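Heads up, the thing below is written out as structure tokens.
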Amino acid sequence: MTDESFQPLTDDLPEQLRIRREKRARLLAEGVEPYPVELPRTHSLAEVRSAHSDLPADTSTGDVVAVTGRVMFVRNTGKLCFATLVEGDGTELQAMLSLNNVGADALNAWKAHVDIGDHVFVRGEVITSRRGELSVLADEWRMAAKSLRPLPVAHKALNEETRIRQRYVDLILRPEARDTVRVRAGVTRALRESFHRRGFVEVETPMLQTMHGGATARPFVTHSNAMGMDLYLRIAPELFLKRCVVGGIEKVFEINRNFRNEGSDSSHSPEFAMLEYYQAYATYDSMAVLTRELVQEAAEAVFGTQEITLADGSPYDLSGEWASMTMYGSLSEAAGEEITPQTPAELLRKLADARGLEVDPKLGHGKLIEELWEHLVGDHLTAPTFVRDFPVETSPLTRQHRSVEGVAEKWDLYVRGFELATGYSELVDPVVERERLTAQARLGASGDDEAMRLDEDFLRALEYGMPPSGGVGMGIDRLLMALTGLGIRETILFPLVRPE
RNA sequence: GGGCCGUUAGCUCAAUUGGUAGAGCUGCGGACUUUUAAUCCGUAGGUUCUGGGUUCGAGCCCCAGGCGGCCCA
């Protein structure tokens, strides 16, 4: 225990912070520990509630309990004090301190020392008040942990920046913030259980890499002092998970963090949780079925239904089969004319112009198709939809379609208008893969810092023979967005923010 | 990267044309033995994000910057 005698602090602190520090000092001066190491708690608030549900008003149970909780509201009258205590899961229970039961000293100490936000310990009989509120009528109370900062007003929404910068305050004040954390935990747990039921093996592959790959994105660069070389934070686990499949781990998944050196907005974060899964002798068709089932099972596990309700109260139906369309087919329909992988870039550019869509004149056929599709079709999708068969040139790690020329066996899953997951029939021919990666490396050499690198070790692995496989990547944060209707910065507990 | 908006008390927000910076909650003091965001009386609390400029005078106008939000690329 700190030996510190009471003296008023004259620090240049705001009044309310200063006063709470003085209260702490005064407790110490009176020989009371403001942060005791242990308290003889006998019940959680939830246990008291469940043991005494539905009592009539003004009941004495004779049951003595010792509970703890954070003080959220205080209602003091002259000789009777009420406080609303809350514990971590949001369960509330009222504490009552009456002059008759605790005596004048303890009651005065309560009034003098206890602020909203403090953790307190209360021992006493479980009763209901005259208004019927389940309460612990104290015969003893102690400080459990003195709060030195006033909690923001509980009845007004905290501004978004403070909610993110001080998530701990957001969690204290907003039940929905706590719910989001639990929903997220429930979703990742449900995913793992779904995979384990199907015989998938969970692995963890490198996040520090000597060469980044598996996606088109700028990496974060860091430095190893011991190795005397720069390392990359991974942008995707793909190339390592494929090495696993080569090695015979034929059903494999990983849930882990990816890092992409980009800004953040309502659906992007530079650091995000990624799920990738690969299965030997699967195709993008069977992976689409698996993906739908994973999402449906997660919804079922967390909400008990596939017909979910989003944060704004609107319903969203995830049940049953999901819509499926091809990229060229849906684009042709939306554009009112036939567009194929053979449609020249020049014509696509004219199409974009005609719709007032500004596109980079350097874009080739593949990027133009994706841009056009996004504006003409993607922006209007709301129901869960698989969009299949992408241009080959923008899918360098994907297998050419088995029957359609110029198209890759790749789908994107759109949910509520944003991209939730991407699935492939994986390209496993090491010679073709080398050609594709060499082309990417040339792009990189000519200044495209999102292009992929030539990963010789990955190609060597493929040369040993990778079975035909399906693969999928799904953003966990986006899955949470899809299931809750929240923005990405609400689904990530501590998003990256600039220092204050 | 570009455009627009915001930044004021612990929290949420006001402030007319450029003329003494306010409110609610919170805090502090008092009253009150059944409250539910308790109530009632009293009271305190400010580097108006930072730096420069214009002006007799700037929260407000101008310039630069920080942080945040929205839209666009």
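Mapping to my numbering: the first sequence position 281 is 1528, numbers consecutive.
Just so you know, even glycine gets a beta-carbon here, dropped at the ideal spot from N, CA and C.
A quick note: this is a predicted structure, and the numbers were derived from the prediction, not measured.
Provide the residue span of the beta strand (DSSP E) that contains residue i, from first to last.
i, result
"Phe1550", "No beta strand (DSSP E) contains Phe1550, which is instead part of the alpha helix (DSSP H) from Tyr1531 to Phe1550."
"Tyr1575", "Unbroken run through Tyr1575 is the alpha helix (DSSP H), Met1574 to Ala1582; no beta strand (DSSP E)."
"Pro1562", "Pro1562 to Asp1564"
"Ser1672", "Phe1665 to Ser1672"
"Pro1638", "Thr1632 to Pro1638"
"Asp1477", "Met1476 to Leu1480"
"Thr1331", "Leu1327 to Val1333"
"Asp1702", "No beta strand (DSSP E) holds Asp1702; DSSP gives it neither H nor E."
Is it the case that the Cβ atoms of residue i and residue j are separated by a distance below 8 Å?
i, j, result
"Ala1527", "Leu1733", "no"
"Gly1316", "Val1333", "yes"
"Cys1328", "Leu1344", "yes"
"Val1349", "Trp1388", "yes"
"Phe1633", "Ala1655", "no"
"Ala1582", "Leu1623", "yes"
"Met1454", "Arg1504", "yes"
"Phe1447", "Phe1500", "yes"
"Met1534", "Val1719", "yes"
"His1299", "Val1373", "yes"
"Tyr1531", "Ser1672", "yes"
"Tyr1661", "Leu1701", "no"
"Ile1616", "Leu1595", "yes"
"Met1721", "Thr1463", "no"
"Val1675", "Pro1715", "yes"
"Gly1337", "Pro1422", "yes"
"His1290", "Val1312", "yes"
"Ala1359", "Ala1342", "no"
"Leu1565", "Pro1631", "yes"
"Thr1556", "Gly1670", "no"
"Arg1445", "Lys1403", "no"
"Arg1635", "Trp1658", "yes"
"Lys1326", "Leu1302", "no"
"Gly1510", "Ala1483", "no"
"Ser1514", "Arg1725", "yes"
"Ala1391", "Leu1274", "no"
"Glu1640", "Gly1603", "no"
"Ala1281", "Arg1271", "As written in the sequence, residue 1281 is Pro, which differs from the Ala given in the question. Closer than 8 Å, so yes."
"Gly1653", "Pro1591", "no"
"Ile1723", "Thr1452", "no"
Start and end of the alpha helix (DSSP H) containing residue i?
i, result
"Val1679", "Pro1677 to Ala1692"
"Met1728", "Ile1723 to Thr1731"
"Trp1357", "Leu1346 to His1360"
"Lys1403", "Per DSSP, Lys1403 belongs to no alpha helix (DSSP H) and is neither H nor E."
"Ala1392", "No alpha helix (DSSP H) contains Ala1392, which is instead part of the beta strand (DSSP E) from Leu1381 to Ala1392."
"Ser1441", "Pro1422 to Arg1444"
"Ser1642", "Looking at the DSSP string, Ser1642 is not in any alpha helix (DSSP H), and its letter there is neither H nor E."
"Arg1268", "Glu1262 to Ala1276"
"Thr1556", "Not the alpha helix (DSSP H): Thr1556 falls in the beta strand (DSSP E), residues Glu1554 to Thr1556."
"His1459", "Segment: none, His1459 is in no alpha helix (DSSP H) and carries neither H nor E."
"Ser1297", "Leu1292 to Ala1298"
"Ile1735", "Ile1735 to Thr1738"
"Leu1619", "His1612 to Leu1623"
"Ala1601", "Ala1592 to Ala1601"
Taking the DSSP output, what are the residues bridged to residue i?
i, result
"Arg1490", "Arg1490 pairs with nothing; no bridge assigned."
"Phe1500", "Glu1449 and Tyr1524"
"Ser1516", "Beta-bridge pairing links Ser1516 to no other residue."
"Ser1571", "Phe1633"
"Ala1473", "For Ala1473, which the question treats as bridged, DSSP gives no partner whatsoever."
"Ala1655", "Phe1637 and Gln1647"
"Arg1317", "Val1333 and His1366"
"Gly1371", "Val1312 and Ala1385"
"Val1662", "Phe1665"
"Met1343", "Phe1329 and Leu1384"
"Leu1323", "It should be pointed out that residue 1323 corresponds to Asn in this sequence rather than to Leu. BP columns for Asn1323 point to Cys1328."
What whole-angstrom Cβ distance do residue i and residue j have, given they're in contact under 8 Å?
i, j, result
"Ile1502", "Arg1736", "Contact flag wrong, Cβ pair sits at about 20 Å."
"Ala1668", "Ala1545", "Rounded, the Cβ-Cβ distance is 12 Å, inconsistent with contact."
"Asp1310", "Thr1375", "Contact doesn't hold; Cβ gap of about 12 Å is too wide."
"Thr1457", "Leu1478", "6 Å"
"Leu1384", "Gly1371", "5 Å"
"Met1476", "Ala1401", "The Cβ separation is near 52 Å, so there is no contact."
"Met1713", "Val1450", "That pair is no contact at about 16 Å."
"Ala1599", "Glu1618", "7 Å"
"Leu1766", "Leu1420", "What the structure shows of the chain is the stretch from 1248 to 1747, and residue 1766 is not part of that stretch, so it cannot be assessed."
Checklist entry - Would the segment 1700 to 1709 and the segment 1568 to 1577 be scored as touching if the rule is three or more Cβ pairs under 8 Å? => result no
Next on the checklist: Assess contact between the segment 1717 to 1731 and the segment 1426 to 1437, defined as three or more Cβ pairs (one per stretch) separated by less than 8 Å. Is contact present?
Outcome noted: yes
Item to check | Contact the segment 1465 to 1484 vs the segment 1511 to 1524: 3+ CB pairs below 8 Å | outcome: yes
Next on the checklist: Using 8 Å as the cut-off, can you tell me whether the segment 1395 to 1406 makes contact with the segment 1260 to 1271, which would need three or more C-beta pairs spanning the two stretches below that distance?
Outcome noted: yes
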